[in-house]
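Asks: One structure is given below, represented as structure tokens, and several questions about it will come after.
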Amino acid sequence: MDIDKYHAAVEVYYDRDAGDFEERYWSNPVLQRIRQSFREILKSLPFERALEIGCGPGIDLAHLATIFPEKQLHGIDISGAMVSHAQAKLKAKSLENARVLIATTDDLPALFSEEQFDLIFVFFGALNTVPDLEEATEKIFSRLSRDGHLFVSFVNKLYLAEIFIHLLKGRPRSAFRRFRSSWGGYSESKYLQSKCYSPRQVRRICARYAFEIQRTGFSILYPAWYRAQWVENFSRLTKILWKIDQILNKTWLWGTGEYISFVYRKY
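The opening position of the sequence shown corresponds to residue 24 in the numbering used here, with each subsequent residue numbered one higher.
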């Protein structure tokens, strides 16, 4: 695999996505609800220096820098356009305790050679786009301090509701699209270099470096973010589905949601 070409393809994809990224986020109640759940998990973890991988336009970096002015926050993203948006946001809010750089997980050892973090976090599956998850995980943990925490989320390979929906519609190819060696992203018109992972795959890789202290599934029955109109059309039902998902998270079905997240504490 030509890593430079791979990274370039991912960068171009997100550069094109950057223009109206935040506008689309604020119009999507599912993304907002899941993001707030991510944030609540993050806020429960102790930290002084944090790094966000795949920070996008800086939505969460700015949020955390605002509510934790005494903390130091860093963000990286492969997309120059996303980083430009993030830098503009931090400047507009006069957030001097946060900075953002164009970089990938491959750059972490050199970029922060003299620095370590007690919290590293990845929202909304940024690691689904790395060329080698095992190598990326090794580099992430190399920058995490002992007893530091990693919060990581992934687009889940084993999203059962999506499989059943497509099978009922007579679309077997779409039903098992996440099982391909290259997933391709959510859009059928724009291709994204990417791969989906199962809970078992993530756990196998991260167990080498850390204890798992929390795992959560999102959109098990609650609508996925790309079906946000269901929340508007069936608001009462979807509120019930969110509560059912909380119950299902206590069963083996936790790992069948559209997103899966984990909290690890480094050995």
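Just so it is clear, CB atoms sit at the ideal spot from N, CA and C, and this is done for glycine as well.
Here the structure is a predicted model, which is why all the values come from computation and not from measurement.
#1: Would you grab the beta carbon distance between L173 and I125 for me? Rounded to a whole angstrom, and I think it's under 8 Å.
#2: What distance in whole Å lies between the Cβ atoms of F187 and R238, which are believed to be in contact at a cut-off of 8 Å?
#3: Please specify which runs of the alpha helix (DSSP H), each continuous and at least 4 residues long, are wholly inside the stretch 257-290, giving them in chain order.
#4: Cutting at 6 Å between CB atoms, please list the residues of its own chain near Y48, excluding the five before and the five after it.
#5: With a threshold of 16 other CB atoms inside 10 Å of the CB of G81, please say whether the residue is buried or exposed.
#6: So, do the stretch 157-166 and the stretch 188-208 have three or more beta carbon pairs nearer to each other than 8 Å?
#7: Excluding sequence positions up to five away, which residues of its chain have a Cβ less than 6 Å from the Cβ of F234?
#8: To the nearest angstrom, how far is it from the Cα of A41 to the Cα of N272?
#9: For Y290, which residues of its own chain have a beta-carbon under 8 Å away from its beta-carbon, when the five flanking residues on both sides are left out?
#10: With a threshold of 8 Å on Cβ separation, who are the neighbours of A109 within its own chain once the five nearest residues in sequence on each side are excluded?
Replies: Working from what's here:
#1: Rounded to the nearest angstrom, the Cβ distance from L173 to I125 is 22 Å, too far for a contact under 8 Å.
#2: 22 Å between Cβ atoms; not a contact.
#3: With a minimum length of 4 residues, the continuous alpha helix (DSSP H) runs that stay inside the stretch 257-290 are 258-271.
#4: L54, listed in sequence order.
#5: Note on G81: 16 or more other CB atoms within 10 angstroms of its CB, so buried under the neighbour-count rule.
#6: Two segments are said to touch when three or more pairs of C-beta atoms, one from each, lie closer than 8 Å; by this definition the stretch 157-166 does not touch the stretch 188-208.
#7: For F234, where only same-chain residues beyond five positions count, the Cβ hits under 6 Å are R288.
#8: Approximately 33 Å, taken between the alpha carbons.
#9: Within the same chain, Y290 has close Cβ partners R169, Y232, A233 and F234.
#10: Here A109 has C78, G79, P80, G81, L84, A85, G98, D100 and V123 as same chain residues with Cβ atoms under 8 Å from its own Cβ, once five neighbours each way along the sequence are excluded.
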